[in-house]
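In this note's numbering, the protein residues as written are 1234 to 1376. Inspection log for the structure reproduced underneath, given as structure tokens.
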Amino acid sequence: MSYTEKLDQLLSSYQMHYQNVRSLHWNIKGQSFFELHLKYEELYTRTQIIIDDLAERILSIGNTPSSQFSVYMQKSLIKENAIITDGKTGVAYILDAQKTLLNLEREILELSGDANDEGTNALMSDLIREKEKTNWMFKSYLG
Ligand SMILES: [Fe+2]
């Protein structure tokens, strides 16, 4: 798979992740409701921006991003979650999803580096650095 196809797979995976995090935001119950309800909102709001950046990067390098959920469901490496109400289970999902996204971003960076595609390299580097930081925070939350 070329890195431009992998970029579309990344877009699809973020779309599924976005909806999963919205579901976490809506369904969280228990003592960590207030903190996680807000944290999930922060995460899906950021994810929405990443989705737009990825789609517009795909367009900038001359390709067409997938835009239909039926396609996202086929291409996404992240699967649709059942309803999660428990905070620790929700954060464990986020860590797992971020691992999947991070692996794909590293694969893309390697290929876009070979292709001297500086714009995509920069976008992947930003996403990787950001996720390494939030991974540390979510891991710390789980203790
Ligand atoms: Fe809300």
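C-beta atoms are modelled at their ideal positions from N, C-alpha and C, and glycine is treated no differently. These numbers were taken from a predicted model, which means no experiment stands behind them.
(message) Within the continuous alpha helix (DSSP H) that includes residue 1322, where are the two ends?
(response) Run containing residue 1322: 1320 to 1347, per the alpha helix (DSSP H) assignment.
(request) Return yes when the Cβ of residue 1277 is within less than 9 Å of the Cβ of residue 1254, no when it is not. (result) A contact, by the Cβ cut-off of 9 Å.
(message) Check whether the stretch 1264 to 1279 and the stretch 1320 to 1330 touch, using three or more Cβ-Cβ pairs below 8 Å as the test.
(response) Touching, yes.
(message) Could you compute how far the alpha carbon of residue 1360 sits from the alpha carbon of residue 1373?
(response) The C-alpha of residue 1373 is placed about 20 Å away from the C-alpha of residue 1360.
(request) Say yes only if the C-beta of residue 1259 is nearer than 8 Å to one or more non-hydrogen atoms of ligand 1, and no if none qualify. (result) For residue 1259, the Cβ falls inside the 8 Å cut-off from some heavy atom of ligand 1.
(request) Could you pull out every residue in the same chain whose Cβ sits closer than 8 Å to the Cβ of residue 1291, ignoring the five residues on either side in sequence? (result) Closer than 8 Å at Cβ, skipping near neighbours: 1237, 1240, 1241, 1244, 1297 and 1298.
(message) Please report the distance separating the alpha-carbon of residue 1336 from that of residue 1309.
(response) Between residue 1336 and residue 1309, the C-alpha separation is close to 13 Å.
(message) Does the beta-carbon of residue 1274, which I'm using as the reference point, lie nearer than 8 Å to any heavy atom of ligand 1?
(response) For ligand 1, at least one heavy atom lies less than 8 Å from the Cβ of residue 1274.
(message) Going by DSSP in three states, residue 1274 sits in which element: helix, strand or coil?
(response) Assigned with DSSP and collapsed to three states, residue 1274 falls in helix.
(request) Tell me whether the beta-carbon of residue 1357 lies closer than 9 Å to the beta-carbon of residue 1375. (result) Cβ distance not < 9 Å, so residue 1357 and residue 1375 don't count as in contact.
(request) Pick helix, strand or coil for residue 1289, following the three-state DSSP scheme. (result) In the three-state DSSP reduction, residue 1289 falls in the helix class (H, G or I).
(request) Within its chain, find whatever has a CB closer than 8 Å to the CB of residue 1333; leave out the 5 residues flanking it on each side and keep chain order. (result) Beyond the five residues adjoining it in sequence on each side, residue 1333 comes within less than 8 Å, by CB distance, of 1246, 1310 and 1311 in the same chain, given in chain order.
(request) May I ask which residues mark the beginning and end of the alpha helix (DSSP H) holding residue 1355? (result) Where residue 1355 is concerned, the enclosing alpha helix (DSSP H) stretches over 1351 to 1375.
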